[in-house]
Each structure stands twice: as structure tokens, then as C-alpha cells.
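The structure under discussion appears below in the form of C-alpha cells.
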Amino acid sequence: MSQKSKADELEALAAARWRVAAVLTAAMLISYFGFILLVAFDKPLMGKQIAPGLSLGILLGALVIASAWVFTGIYVLWANHRYDKALHQFRR
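Residue numbers 181 to 272, in this note's numbering, belong to the letters of the sequence shown in order.
Structure representation (C-alpha cells):
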């Protein structure tokens, strides 16, 4: 494999990593700031009781925290199955 081809392959791999990270970061920011905006501008909605002792705001807050774990898990799975394997093959 030529030196230029290796450089192109490495650039494509770095670009893929950047795209995945950017999409997951955007998703997290949207969920976080969406929650904050709901808290700030629609208090009656967030205070709506779903079950005794459980408001929509508490549920959505817990889902924002859980989404951070989910997005991290998605990145780790992607990195382990795609990025790391491609990087390992590139190093060979």
C-alpha cells in the first residue's frame, strides 16, 4: 500500500470518528438543553404528575442522565467494533 493511500485511509478513519463523536455530542446537547428549556419555560408541563410522587420533570431528568450513559455506550460499542479494528488493521 502506498504512503499516500495510507494517509488517505487514516484521514477517512479520523473523519469517521469525528462524525460519530459530533452526532453523539449533538444528541446529548439537544437532550440536555431541551430539558433545561422545558424546565425554564413550561413549568406546568414538567410539574404534571405521572404517578404519585413522580412528575414528568423528574422522569425526563432521569432520562437525560440515562441518555448520557446510552450515548457513551453507543460510542464505546462503535469504537470497539469499528474504529479500533480499523486502526489495528491500519497499523499492520
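Using N, Cα and C, we set each Cβ at its ideal position, and we do this for glycine too.
Small disclaimer: the values here were computed from a predicted structure and weren't measured.
I need the straight-line Cα distance from W198 to G227, nearest angstrom please.
Sequence index remark: in the sequence shown, residue 198 carries index 18 (1-based). Sequence index remark: in the sequence shown, residue 227 carries index 47 (1-based). Going by the C-alpha atoms only, they are around 38 Å apart.
Looking only at C-alpha atoms, which of A196, D188, Y212 and D222 sits nearest to A246?
For the purposes of this step, residue 246 is identified with residue 66 of the sequence shown, where counting begins at 1. The shortest Cα separation from A246 among A196, D188, Y212 and D222 belongs to Y212.
Bounding residues of the beta strand (DSSP E) (the contiguous stretch that carries R231)
The sequence position of residue 231 within the sequence shown is 51, counting from 1. Just to set this straight, residue 231 is Ala in the shown sequence, not Arg. Run containing A231: Q229 to A231, per the beta strand (DSSP E) assignment.
On the premise that L193 lies in contact with P255, defined as a C-beta separation below 8 Å, what is that separation, rounded to the nearest angstrom?
The count along the sequence shown starts at 1 and reaches residue 255 at position 75. The count along the sequence shown starts at 1 and reaches residue 193 at position 13. According to the sequence provided, residue 255 is Tyr. The question's Pro does not apply to it. Actually they do not touch by this definition, with Cβ atoms about 15 Å apart.
Write down every uninterrupted run of the alpha helix (DSSP H) in the region 204-269 whose length is 4 residues or greater and which is fully enclosed by it, in chain order.
Qualifying alpha helix (DSSP H) stretches, in chain order: 223-226 and 236-258.
Between L267 and W249, what straight-line distance do the alpha-carbon atoms span, to the nearest angstrom?
Against the sequence shown, residue 267 aligns to sequence position 87. Against the sequence shown, residue 249 aligns to sequence position 69. So the two alpha carbons sit approximately 25 Å from each other.
Three-state class that DSSP yields for R272 in the structure shown:
Position 92 of the sequence shown, counting from 1, holds the residue named residue 272. Coil at R272, not helix or strand.
Can the beta-carbon of L240 be found closer than 8 Å to that of L218?
Sequence index remark: in the sequence shown, residue 240 carries index 60 (1-based). Sequence index remark: in the sequence shown, residue 218 carries index 38 (1-based). Yes; because the gap between Cβ atoms is below 8 Å, this pair is in contact.
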